[in-house]
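The listed protein sequences derive, respectively, from chains A and B. Everything in the first sequence is counted per this note's numbering, starting at 2 for the first residue and increasing by one. Everything in the second sequence is counted per this note's numbering, starting at 130 for the first residue and increasing by one. Don't be surprised by glycine CBs; every beta carbon is placed ideally from N, CA and C. The structure appears below as structure tokens.
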Amino acid sequence: GQQVMQIPQYQHVQEGEDFTTYCNSSTTLSNIQWYKQRPGGHPVFLIQLVKSGEVKKQKRLTFQFGEAKKNSSLHITATQTTDVGTYFCAGLPNAGNNRKLIWGLGTSLAVNP
Amino acid sequence: EPEVTQTPSHQVTQMGQEVILRCVPISNHLYFYWYRQILGQKVEFLVSFYNNEISEKSEIFDDQFSVERPDGSNFTLKIRSTKLEDSAMYFCASRGPAREKLFFGSGTQLSVL
């Protein structure tokens with residue numbers, strides 16, 4: 002079946018270090034979304050990428066969508082303790098009229114002050 | 130920003146009992162979802178609902194589960210006979226007509242004893 006693999010599963014960094022999480026889909030995606038879930042909270046939408054090769058930035062966060070629209074990455078520059086949480090990617094398969102997002106397992110980020 | 134609201138925030142029930150989890154999606158949204166998450170693990174899709182019917186459901190969503198939009202504002206998830214393994218955080222989500230972001234509620238933590 003369609004899968005979205007996300008790595009790493011966990012990442013511990015020192016405050017100020019950079020962080021990257023990667024998503025790889027088994028199928029071509031129509032779009033990919035990124036969500037952040039703080040500990041004890043609910044997923045909150047960060048961004049959606051639609052175009053092949055697209056790069057979007059939100060302050061210290063940089064999101065990329067691969068040329069083949071099968072992979073994506075989220076890079077955080079100079080992490081802060083407020084970045085702590087689990088980052089999920091969720092892809093919408095290209096084929097058919099599927100409205101179901103395929104979720105990655107998430108990357109849990111811990112930031113040591 | 131508009132919110133998806135869920136009640137109750139916590140629900141404790143005995144195995145075999147029926148539970149109804151309630152959600153009020155954002156008022157102009159057309160697509161509604163239930164997800165669950167077991168103790169900070171992956172976000173698992175349960176069911177999507179559009180135009181007053183289920184549009185897609187996962188293998189988890191068996192005959193013990195049902196959804197309803199009884200009055201045009203509420204969206205409910207019923208578990209007929211709860212099992213221990215149904216213990217999880219249940220998130221309701223909604224989105225508008227385009228393939229845009231999901232808005233998640235704060236979740237109902239279901240504990241089956």
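- For Leu-159/B, same chain residues with a beta-carbon under 7 angstroms away, outside a window of 5 residues either side, are Tyr-179, Gly-225, Pro-226 in chain order.
- Here Glu-55/A has Phe-66 as same chain residues with Cβ atoms under 6 angstroms from its own Cβ, once five neighbours each way along the sequence are excluded.
- Across the structure, Lys-207/B and Lys-230/B are spaced so that their CA atoms are roughly 25 angstroms apart.
- In the three-state DSSP reduction, Glu-16/A falls in the coil class, being neither helix nor strand.
- For the segment 5-31 of chain A, the set of residues with a beta-carbon nearer than 8 angstroms to any beta-carbon of chain B comprises Ser-31, in chain order.
- Looking at the backbone, the Cα of Pro-137/B and that of Glu-68/A are separated by about 44 angstroms.
- Ser-156/B counts as exposed, since fewer than 16 other C-beta atoms from the protein chains shown sit within 10 angstroms of its C-beta.
- For Leu-231/B, at least one C-beta of chain A is nearer than 8 angstroms to its own C-beta.
- A Cβ-Cβ distance of about 7 angstroms is found for the pair Val-112/A and Gln-81/A, placing them in contact under the 8 angstroms criterion.
- Within chain B, no C-beta atom comes less than 8 angstroms from the C-beta of Leu-75/A; the nearest is roughly 15 angstroms away.
- For Gly-236/B, the nearest CB of chain A lies under 8 angstroms from its own CB, placing it at the interface with that chain.
- Under the criterion of beta carbons closer than 8 angstroms, Gly-92/A and Leu-30/A qualify as touching, at roughly 4 angstroms.
- For Phe-190/B, the closest alpha carbon among the candidates Leu-168/B, Glu-214/B, Ser-202/B is that of Glu-214/B.
- With a cutoff of 8 angstroms on beta-carbon distance, Thr-21/A and Ser-73/A are scored as not near each other.
- In this structure, DSSP gives Thr-82/A a helical state, which the three-state scheme calls helix.
- Proximity to Val-5/A across Gln-34/A, Asp-19/A, Tyr-11/A peaks at Gln-34/A, based on C-alpha coordinates.
- Under the three-state reduction of DSSP output, Glu-182/B falls in the strand class.
- One Cα belongs to Leu-150/B, the other to Gly-41/A, and the distance between them is close to 19 angstroms.
- One Cα belongs to Glu-182/B, the other to Thr-63/A, and the distance between them is close to 38 angstroms.
- Counting C-beta atoms within 10 angstroms of its own C-beta, Ile-167/B has fewer than 16 neighbours from the protein chains shown and is therefore classed as exposed.
- Interface flag for Phe-178/B against chain A is unset, since no Cβ pair is found closer than 8 angstroms.
- Pro-94/A has Leu-30/A as its beta-bridge partners, per DSSP.
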